[in-house]
Amino acid sequence: MSANRLALTGLVPLDADGAAHLDSLIADLDPAALLWVSGYTAGLAAERARGTAWAARAAVAHDAPAAAAAPASRAESSARATILYASQTGNGRRIAERLGRSLEVAGLAGQVLNVADYPPRQLSQERLLYLVTSTHGDGDPPDDARAFIEHLTGRRATRLEQLSYAVLALGDSSYPQFCATGRLLDLRLDELGARRLAPRVECDVDLEPKAASWLEQAVASARAELGGDAPRLAIVTPLRPSAQALASRDAPLEVELIGNQRITARDATRDVRHLELALPGQRFEYQPGDAVGVLVDNPAATVHRILELTRLDPSHAVTVEGTTRSLGHWLTGHREVTRLARPLLERLAERTGNDELRGWLLPAQAGEFRRRLKELQVADLLKRFPADWEAEALVGALHPLAPRLYSVASSRRELGDEAHLAVAVVEYAYQGERRVGPASWQLATAARGTRIKAYVEPNPRFRVPADGHRDLIMIGPGTGVAPFRGFLQQRIADGARGRHWLVYGGRHRERDFLYQLEWRDLLKRSKLARLDVAFSRDQQDKVYVQDRLREHGRELYAWLENGAHLYVCGDAERMAPDVHAALRDVIVTHGGRSPEAANEYLAELARTRRYARDVY
């Protein structure tokens, strides 16, 4: 229910202007943040009702959500736990929210916040802190955590002898810098004098067993630390439906595929599909910037090949963490067989004693290791390094089958109960054998009317600004352009007056210019102020989006100085760092700043939510 509707029904003592202002402040908040705000304002009301002069300092950057605003008083901080998360794909957020709910059930006070919404100086006021953070790429922190880490590792960080803490680190052991962000934060808090409640827990992709144990220990330590000081939580009615009522990874909903169209040429390097999904009413809420998680089974041919190579019986019962399924069922719907993982290589090296395979696992061979992981699937490895396997050992060496996330390419303001996706189909040959990605291939070949299990993965840090007068600069090569289609649909439906500048990249203009007709129509209607493109293979010298940024650096810097919001979506390994470097060069060249000052300029844009990335 919006604030305006609340005011009209008499449920809140606000006039129309006050209600509209409240509605604008909370427009971009996710359910967890809204719950935190509702609890905070309830406490504020109670204090003022008792005549207490409680001046909450609202240090909120322009367009930042209200949840980031008010640091707690020392008394309030000492009476509750603070749970911070930094997450790239949503796992960290889900675990942090589970801890928050567990503390609530235990009658303990706690707040759950994205670390980007937390003022780092508030650490000096905290008594009890739980950190859940992921690591992505080659040891990179989530974008949300960069400012927090910069403060904590910088000279302005203060001693934290009053603080007790615990860290849950999430990562993927297939990368050399496994759980690097969690390790960094854990060691730095220790250096600053904080007391470690328990050893850091590091979770691989198969995170549930260790995460569940950590959560249990966290609740026990919160009871011990807060004891009788912890107030029992009041029940607060959220301003919007709770996250549990919506489609989630643990409770997906079926959506219907109502459109499936190839949007690249037949001779293009990659088949990209525009998919249209019919949504089941109010339980599938999304905003532009969010992703849709799709749950599918592995290709039957791939599973059959693994069973053939291992000579195992698909009907053999295998029990993992108390759950019993047939081997065939595990391989089909519950284990990764198209993506390699380090545990499988380690087990295979033990079973075969093969020196080549052992060499891949050495730190000095990290580059070779990553190349093999991208190139090979499970069946390829089993064929190349034959070994005897037991069904239990094979299942235990494989990572859980993860949902595939695709950026939403639409806005409900424009389409109602629909969501659109742009999906690049994974299909290639390895040594003469065909390989496909389980989700993208099944989506590409699905007929209209097919039912698909899906859910929304919120991305509250990747949103259009609440202020419709703000300009937008959107950089999205390939399918990275998908969220910006949704951004523009929403901004147009809202009547936003800000300008829009899209920078798009692909291989060939005639083969893979995604949504070309739509962009050109928006240009004609003056809904898109600028469209700059970079097609790398259309000329002898390759041209990428970062080259266009440097080419138009003067205009780009002028837009930023005029308050524009900057968005980047796409490949994290090469594109995102190259674009970041180009932005830094633009600021140095046209802003007259040193490289260090340019880095700080970009960091400030990120802190004030004017520079957001959705990279993968």
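Taken in order, the sequence shown gives residues 4 to 619; the numbers are from the numbering used here.
For glycine and all other residues, C-beta sits at the position ideal for the given N, C-alpha and C.
Whose C-beta lies closer than 7 Å to the C-beta of residue i among residues of the same chain, with five residues either side of it excluded?
i	result
residue 183	138 and 142
residue 254	none
residue 324	212
residue 439	302, 429 and 430
residue 221	102, 133 and 169
With distances taken from CA atoms, which of the options is nearest residue i?
i	options	result
residue 313	354, 389 and 262	389
residue 315	302, 325, 332 and 301	332
residue 158	195, 122, 130 and 132	195
residue 565	472, 352 and 292	472
residue 326	87, 399, 585 and 486	399
residue 163	551, 129, 187 and 152	129
residue 205	198, 214 and 466	214
residue 610	150, 430 and 270	150
residue 303	340, 296, 319 and 550	340
residue 458	613, 320 and 259	259
residue 266	482, 165, 539 and 588	482
residue 515	498, 407 and 426	426
residue 104	490, 612 and 115	115
residue 533	97, 135 and 555	555
residue 94	593, 366, 208 and 113	208
residue 99	171, 83 and 161	171
residue 284	378, 422 and 374	422
residue 230	198, 557 and 83	83
residue 328	394, 268, 294 and 348	394
residue 506	500, 559 and 335	559
residue 344	318, 132, 373 and 355	373
residue 176	486, 369 and 135	369
residue 357	387, 169 and 424	387
residue 488	517, 474, 501 and 512	517
residue 512	502, 501, 541 and 561	541
residue 173	190, 135 and 189	135
Looking only at DSSP bridge pairs, what is residue i linked to?
i	result
residue 504	476 and 533
residue 572	617
residue 135	88 and 171
residue 402	None, per the DSSP bridge assignment.
residue 280	260 and 422
residue 296	408 and 458
residue 509	538
residue 121	Looking at the DSSP assignment, residue 121 forms no beta bridge with any residue, so it has no partner.
residue 589	Its beta-bridge partners do not exist; DSSP assigns none.
residue 329	320
residue 434	BP columns for residue 434 are empty, so no partner.
residue 439	430
With H, G and I counted as helix, E and B as strand and the rest as coil, what does DSSP make of residue i?
i	result
residue 468	coil
residue 317	coil
residue 324	coil
residue 602	helix
residue 428	coil
residue 546	coil
residue 94	helix
residue 208	coil
residue 275	strand
residue 554	helix
residue 612	coil
residue 594	helix
residue 114	strand
residue 389	coil
residue 253	coil
residue 269	coil
For residue i and residue j, which I take to be in contact (beta-carbon distance under 8 Å), what is that distance rounded to the nearest angstrom?
i	j	result
residue 146	residue 577	So it is not a contact: roughly 17 Å between Cβ atoms.
residue 89	residue 179	Not quite, the Cβ-Cβ distance comes to about 20 Å (not below 8 Å), so this is no contact.
residue 109	residue 286	The pair is not a contact, with the Cβ atoms about 29 Å apart (cut-off 8 Å).
residue 508	residue 547	6 Å
residue 197	residue 167	7 Å
residue 160	residue 133	Actually they do not touch by this definition, with Cβ atoms about 19 Å apart.
residue 492	residue 467	Not confirmed; about 10 Å, so no contact.
residue 122	residue 292	Contact doesn't hold; Cβ gap of about 24 Å is too wide.
residue 441	residue 300	7 Å
residue 474	residue 502	4 Å
Leaving aside the five residues before and after residue i along the sequence, list all residues of the same chain whose C-beta is less than 6 Å from its C-beta, in chain order.
i	result
residue 262	279
residue 118	87, 89, 147, 148 and 151
residue 408	294, 296 and 460
residue 404	337, 338 and 339
residue 402	208, 209, 339 and 344
Residues in its own chain within less than 8 Å of residue i by CB, not counting five upstream and five downstream?
i	result
residue 480	507, 508, 509, 537, 547, 548, 573, 574 and 578
residue 364	345, 348, 349, 352 and 372
Using a C-beta cutoff of 8 Å, does residue i count as contacting chain B?
i	result
residue 189	Structure shown: chain B not included; a single protein chain is present.
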